[in-house]
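Protein chains: 2
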Amino acid sequence: LIAIVLDRQPSGTRRLRLGQDHADPQPPPGEVRIRTSLAGICNTDLEIVQGYAGFEGVLGHEFVGVVDLAEDPALLGQRVVGEINVPCGTCPTCCANRPTHCPDRTALGIRGRDGVLAEYFCLPARNLHLVPEGIPDRVAVFTEPLAAACEILEQVHVRPTDRVVVLGDGKLGLLVAQVLALTGCELTVLGHHAAKLAILARQGIPTQVGDDGLAASADVVVECTGRAEGFDLARRLVRPRGMLVLKSTCHDLVQTDLSRLVVDEIHVVGSRCGPFSAALRLLSQGLIDVTSLVEAEYALGDALLALEHAGRRGALKVLVRS
Amino acid sequence: LIAIVLDRQPSGTRRLRLGQDHADPQPPPGEVRIRTSLAGICNTDLEIVQGYAGFEGVLGHEFVGVVDLAEDPALLGQRVVGEINVPCGTCPTCCANRPTHCPDRTALGIRGRDGVLAEYFCLPARNLHLVPEGIPDRVAVFTEPLAAACEILEQVHVRPTDRVVVLGDGKLGLLVAQVLALTGCELTVLGHHAAKLAILARQGIPTQVGDDGLAASADVVVECTGRAEGFDLARRLVRPRGMLVLKSTCHDLVQTDLSRLVVDEIHVVGSRCGPFSAALRLLSQGLIDVTSLVEAEYALGDALLALEHAGRRGALKVLVRS
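If you're matching them up, the sequences are chains A and B in order. Taking the working numbering, I'd label the letters of the first sequence as residues 4 to 325. Taking the working numbering, I'd label the letters of the second sequence as residues 4 to 325.
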């Protein structure tokens, strides 16, 4: 079977390859086998290829697919998306209802578990969400990143009267901006690419290139630039006692004067995976334009080209069809 | 009149001096004149002497004193403490009920307003809090730093079942630890000085030298070390989705990998000035041992020696009596 595999050569160097003879995965108890229909490439995948998280195995975690082997016959043939973290379910962190932070978790294509850039993969049945009929595959495949955008509203109370700034017009920034706009807040999105900002402008969301004219008056700033400099810009735009949400996982070291956070009593919160159920509801209602974010679609056999494309500066969502 | 004045020599270099001929301050409308009884030296004072905040004028902001000139005759002769920030009262930040963050504020001995290391100084009447009779001067002088410790509980809901770690056994750490212990939380205080930690141990607060054996399991970590390294230690001790409170204003640049905040969805909040009314209630009830924190007391004429003493590594509270 075909799969995109990250492994190590005998010399120890990382190697990303198109495996032609990948074994047919067999689901352990509690898990199902899913035939991938469509997968999305995320910046995290690109970071993993660069060595982040020390992952080895099949890459990919954004998918929509069809259940192909399951203990529960009702699941067979169902079109599904799935949460990517597989917690142990019994440790103190899981018992405290923070399963996505389980220290022993595996994560699809990220940590100790083969991912979705393959013909088939396995996931626990409890991770699955059925995709409503009205949502096409090219929309459903955005459930995972859209859930991550919704996580901001799980963590922070964004009020309809808040001034909110989203930094970054990449894939994540465009989803985050659309979710936040639904609150009715006074939103401005800062980016570098007029064409990408136009996707938001079409929905009436105010955008601007660069930070000219913006004062330190935002109640909430969401950092989605994926760049170390984003933090200092975010800090400069947030008001005293405001909220700064860190959404992008930039592994570069940031050098910063934390006393500014103390004097201005700023809140900072990191934000990661989010609620699939809410993301599917927003997609069902047609409230989020995700198809404008699709830049290209490749066949699974060309997935190495897809990854190369996704890594180009400024690229939006690249999809891989199985 | 005598006052400790930070000014600039014609060459531009900072000079801290004992002024012998300081003018008698005259309160503008809305303000009172206060005769300083006892003043405390804070790390912020030492930072200001080093040039932080670009302040020039009379140093000092922690005080207890007696009103000596006032429009309202009921205030004359009253023993008072006072909030240090003087906001404009009319800007958007003030109208949003964040007066301590008013961009046009002055602050006693810190920003555009002569401080308390003098025989007399002025402050708006609305900044004053009467000191209850049962609280001696040597206790009342701790109201301002104790209020800053209380600010943590204004910002963060610390539950009786939370695991809390306080980093630092300096003046601020010892006050913060005592305030947090009142919540009933499972508290551990990490420090470097057995003698200082003993002040807490006498109250039954668990302390330890160094971080041996502590896992990343704290619900709340409060950083009071005053050192740049404190941030990374705090981050290592807090659990996923936990709360990291930054209390010390360290102006050294911190180099850190913010992606750990994102992956673990950590909350960070900076914390500064706090509620005087709550601090006075805690002092009235005798719930906070502040007298053990007094290291030395100097006369105002020896205040330069007092500042030198306060700057010694590991020094606790140095007081100055007028």
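The C-beta atom is built at its ideal place from N, Cα and C for all residues, glycine as well. Here the structure is a predicted model, which means the values were calculated and not measured.
- Within chain B, 265 have C-beta atoms less than 8 Å from the C-beta of residue 250 of chain A, given in sequence order.
- Ranked by Cα distance from residue 283 of chain A, the options A:36, A:109, A:153 are led by A:153.
- Put simply, the segment 104–120 of chain A does not touch the segment 157–164 of chain A. Fewer than three CB pairs are less than 8 Å apart.
- Judged by beta-carbon spacing, residue 65 of chain A lies within the 8 Å limit of residue 144 of chain A, meaning their Cβ atoms are closer than that value.
- Contact between the segment 51–68 of chain B and the segment 89–103 of chain B is absent: fewer than three C-beta pairs spanning the two stretches fall below 8 Å.
- Considering only beta carbons, the part of the segment 267–295 of chain B lying closer than 7 Å to chain A consists of 267, 268, 269, 270, 271, 272, 273, 274, 275, in chain order.
- Contacts between residue 254 of chain B and chain A, judged by CB atoms closer than 7 Å, involve 260, 262 in chain order.
- Bounds of any beta strand (DSSP E) do not take in residue 309 of chain A; it lies within the alpha helix (DSSP H) bounded by 306–313.
- For residue 243 of chain A, the nearest beta carbon of chain B is closer than 8 Å to its own beta carbon.
- Residue 47 of chain B has its alpha-carbon roughly 8 Å from the corresponding atom of residue 113 of chain B.
- When 7 Å is used as the limit between beta carbons, residue 166 of chain B is near no residue of chain A, the shortest such separation being about 11 Å.
- Residues of the segment 126–149 of chain B with a Cβ closer than 9 Å to any Cβ of chain A: none.
- In the DSSP assignment, residue 51 of chain B falls within the alpha helix (DSSP H) that extends over 46–52.
- Within the same chain, 168, 237, 240, 241, 247 come within 6 Å of residue 224 of chain A by CB-CB distance, once the 5 residues on both sides are set aside.
- Along the segment 214–243 of chain B, the alpha helix (DSSP H) occurs as fully enclosed runs of 4 or more residues at 232–240, listed in sequence order.
- Contact annotation: residue 252 of chain A and residue 271 of chain B have beta-carbon atoms that are not nearer than 8 Å.
- Within the segment 16–42 of chain B, contact with chain A at the beta-carbon level (separation under 8 Å) is assigned to no residue.
- In this structure, DSSP gives residue 117 of chain A a state outside helix and strand, which the three-state scheme calls coil.
- Secondary structure of residue 279 of chain B (DSSP, three-state): helix.
- For residue 243 of chain A, the number of other beta carbons within 10 angstroms of its own is at least 16, and it is reported as buried.
- Take the alpha-carbon of residue 303 of chain B and the one of residue 41 of chain B: they are about 9 Å apart.
- Residue 182 of chain B does not reach chain A, its nearest Cβ partner there being about 17 Å away, counting only Cβ pairs nearer than 8 Å.
- The count of Cβ pairs closer than 8 Å, one atom from the segment 32–41 of chain A and one from the segment 68–85 of chain A, reaches three, so the stretches are in contact.
- Residue pairing for residue 273 of chain B: DSSP places it in a beta bridge opposite B:249.
- In the DSSP assignment, residue 158 of chain B falls within the unbroken alpha helix (DSSP H) covering 146–158.
- The segment 164–180 of chain A and the segment 214–230 of chain A touch, with three or more beta-carbon pairs separated by less than 8 Å.
- For residue 69 of chain A, there are no C-beta contacts with chain B under 7 Å, since the nearest C-beta of that chain is about 31 Å from it.
- Leaving aside the five residues that flank residue 140 of chain B on each side, the residues in its chain whose CB is nearer than 6 Å to its CB run, in chain order, 40, 41, 67.
- Between residue 83 of chain A and residue 117 of chain A, the gap from beta carbon to beta carbon reaches 8 Å or more.
- A straight line joining the alpha-carbon of residue 50 of chain B with that of residue 184 of chain A spans about 43 Å.
- Annotation note: the segment 4–85 of chain A contains the following uninterrupted alpha helix (DSSP H) runs of length 4 or greater, listed N- to C-terminal: 46–52.
- By the Cβ rule, the segment 13–28 of chain B counts as touching the segment 303–313 of chain B, because three or more pairs are nearer than 8 Å.
- Relative to the Cα of residue 176 of chain B, the nearest Cα in the group B:301, B:199, B:323, B:115 belongs to B:199.
- If you draw a straight line from the Cα of residue 317 of chain B to the Cα of residue 286 of chain B, it is about 24 Å long.
- Annotation: residue 205 of chain B to residue 263 of chain B spans about 37 Å, alpha carbon to alpha carbon.
- Nearest C-alpha to residue 10 of chain A among A:59, A:27, A:123, A:76: A:59.
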